[in-house]
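There are 2 protein chains.
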Amino acid sequence: MSQMQNVERQLREMILGLEIGPGERLTERWVESRFGASRTPVRAALLRLETEGLICRDGRGWTVSPINLAELEQIAVYREAVEVAALRLTCTLQDRSAVEIIEGMLDSCDDKTPREEWHRVGMDFHIELARLSGNEFLFRAVRDAMTRLSRARWLEVRDEAALGRAWAEHHAILSAVRAGDADSAARLLSAHIIGSRDRLVTSLRNDRRGLRARGFAVVA
Amino acid sequence: MSQMQNVERQLREMILGLEIGPGERLTERWVESRFGASRTPVRAALLRLETEGLICRDGRGWTVSPINLAELEQIAVYREAVEVAALRLTCTLQDRSAVEIIEGMLDSCDDKTPREEWHRVGMDFHIELARLSGNEFLFRAVRDAMTRLSRARWLEVRDEAALGRAWAEHHAILSAVRAGDADSAARLLSAHIIGSRDRLVTSLRNDRRGLRARGFAVVA
DNA sequence: GATCCCATTCTGGGATACCAAATTGGTATC
DNA sequence: GATACCAATTTGGTATCCCAGAATGGGATC
C-alpha cells in the first residue's frame, strides 16, 4: 500500500475517532513526522481528505473541519433525497434477498455489544441499504454523507432508549422493503432521517458548551 | 492564482472541451510540460480531477475517463433525486424571485446564439436552479453530476427541435416554481431529466462507432 | 505598561533529484 | 516468421530542497 493511502487512512481514522478534535490546526510537517512519510504523499492525502470534508483550508493552512450544525441540517436533507431514491430503486428490484444480510447485521448487535459497534452498524445500515440499489452514485452520496455525519453522531449523547428506537426503525424499514412496499419504506426512512437529525442537532446544541470545553469547535 | 489551480482549470477545460479525448492516456510528465508547471502542482491537480471523475487511474497511470453509457444512466437517476429534492425545497421558500434571473438566462439565447452557448446555458439552468434551494449539498451534487455529463451532452447529436424542446421544458419548470406548484414542477423536472437521458443514451449508442472512429472511448 | 517594529521562524507552494517497477524495443534464438 | 529474453527508457511514487509570505516573539520607544 502506498504512503499516500497509508497517511490518508490513518489520518481519516484519527479525525473520525476524534483523536484530533474538530477545529484543530494541522500542519503538513506535523502529519509528516506523525506518520513517517514525506510531504508529497502527505499533501496528496490532505487533498483527498479535503474533498471528503474532513479537513478544510484555513487561510493558508489546514484545519480539521469543525462540527457545523447548519451543515448537519443540510446534510440530512441531502441524505433524505438520496436515501429515499435508493430505497425506492431497491424496491423495484426483483431480487431483494440481500436485505437479509443487512438484517443479520442489525441482529448481530445486542445488549453486550459495545457502543462503538452500535455506532458503526448504525452507519453501515444506511450505507449498505443504499448499495442495494445498484446505483453507484446514490451509494457514494450516502457513504460520503455518513462520513461527514460520523463525528457528530459519535458526540451525540444517546441513551439506551434512543439506540433501541433507531434499531426498531431500521427493522421496520427493512420489513417494508422486503414486502416491496416502496411508499411505506420511503415514509419510514424519511421520518427516521429527519427524526435523527432533530435529535442530533438538539443534543449537540445543548452540549455545545461542554463540547467546546473539550476543545471541539462547534459552529453555527 | 496558484499553479495547481491553473493546471486544474486548464486541464479540466481541455477534457470537457474534448481537446483530450475520452480514453486517452495521460502522463504526469506530459501535463507538466504542456502547462509549464512542475510535478507537484500537476499531481495535486490530477488528484482533484480524479475526484471529479474526469480522469481515472489506469493501473499505475492516468486516463481521461471514457464515456460510460451505464454510468450516464445512473447519473440521471441520481440527478433526478437531488434536483427534484432541491426543486421542492425551493418551492417552499418565501422569496423565489431569483427564478427571474434564471429565466433571463434562458431568454438570453436565441437563433443566433452559438451552439456552445446553448450547451452551457442548458447546464447552468440545472445548476443555478439547484443553488436556489440554499442547500449546499444538493447544489454541489447537481453541479458535479452536470460536470460528469458535460462531455456526453456535447457529443450528442441535437437538432434545432431538440434544443427548442429543452428550452420549453425549462421554461415550464420555472413557471411551476414561480407559481409554487411543487408537485407539477417536480413532475416536469423528472420527465425532463429522464427524457433527456433516454435521448442522450440513444444518440450515443447509435453514434458509438462514429465516436470510436474519432478516437473517443465509449464503453458499456 | 502599552504599542510599534523588525528579525526570526514557520508554513505551504513549488521544483527537482532519485528510485523501483513497468513498459518498450530490439535482438538473438528456434 | 514467431517467440523468448534482456537492456534501455519511461513512469508514477517518494524524498528533499528552496522560496516567498505569514506568523511570531522580543525588544525599543513612547
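Residue numbers (our numbering), protein chains in the order written: chain A, 12 to 231; chain B, 12 to 231. Cβ atoms here follow ideal geometry from the backbone N, Cα and C, with glycine treated the same way.
For residue i, the residue or residues it bridges with in DSSP
i                      : result
residue 66 of chain B  : B:75
residue 229 of chain A : A:78
Cutoff 9 Å: residue i Cβ touching any chain B Cβ
i                      : result
residue 227 of chain A : no
residue 14 of chain A  : no
residue 212 of chain A : no
residue 126 of chain A : no
residue 59 of chain A  : yes
Chain A contact for residue i (CB, 9 Å cutoff)
i                      : result
residue 86 of chain B  : yes
residue 162 of chain B : no
residue 96 of chain B  : yes
Where residue i sits in the DSSP three-state scheme
i                      : result
residue 36 of chain B  : strand
residue 103 of chain A : helix
residue 26 of chain B  : helix
residue 218 of chain B : coil
residue 109 of chain A : coil
residue 51 of chain B  : helix
residue 31 of chain A  : coil
residue 169 of chain A : coil
residue 134 of chain A : helix
residue 146 of chain A : coil
residue 206 of chain A : helix
residue 119 of chain A : coil
Exposure of residue i, with buried meaning 16 or more beta-carbon neighbours within 10 Å
i                      : result
residue 217 of chain A : exposed
residue 12 of chain A  : exposed
residue 102 of chain A : buried
residue 33 of chain A  : buried
residue 41 of chain A  : exposed
residue 85 of chain B  : buried
residue 91 of chain B  : buried
residue 82 of chain A  : buried
residue 230 of chain B : exposed
residue 70 of chain A  : exposed
residue 122 of chain A : exposed
residue 112 of chain B : exposed
residue 197 of chain B : buried
- Query: At a Cβ cut of 8 Å, what residues of the region 42-57 of chain A count as close to chain B, listed as they run along the chain?
  - Reply: Listed in sequence order: 51, 54 and 55.
- Query: Can you list, in chain order, the residues of the region 145-156 of chain B whose Cβ is nearer than 8 Å to any Cβ on chain A?
  - Reply: Flagged, chain order: 146, 147, 148, 149, 152 and 156.
- Task: Give, in chain order, every residue of the region 61-94 of chain A whose Cβ lies closer than 7 Å to some Cβ of chain B.
- Result: For the region 61-94 of chain A, which is checked against every Cβ of chain B, the residues closer than 7 Å are 62, 85, 86, 88, 89, 92 and 93.
- Task: Give, in chain order, every residue of the region 98-131 of chain A whose Cβ lies closer than 8 Å to some Cβ of chain B.
- Result: From the region 98-131 of chain A, only 100 have a Cβ closer than 8 Å to chain B.
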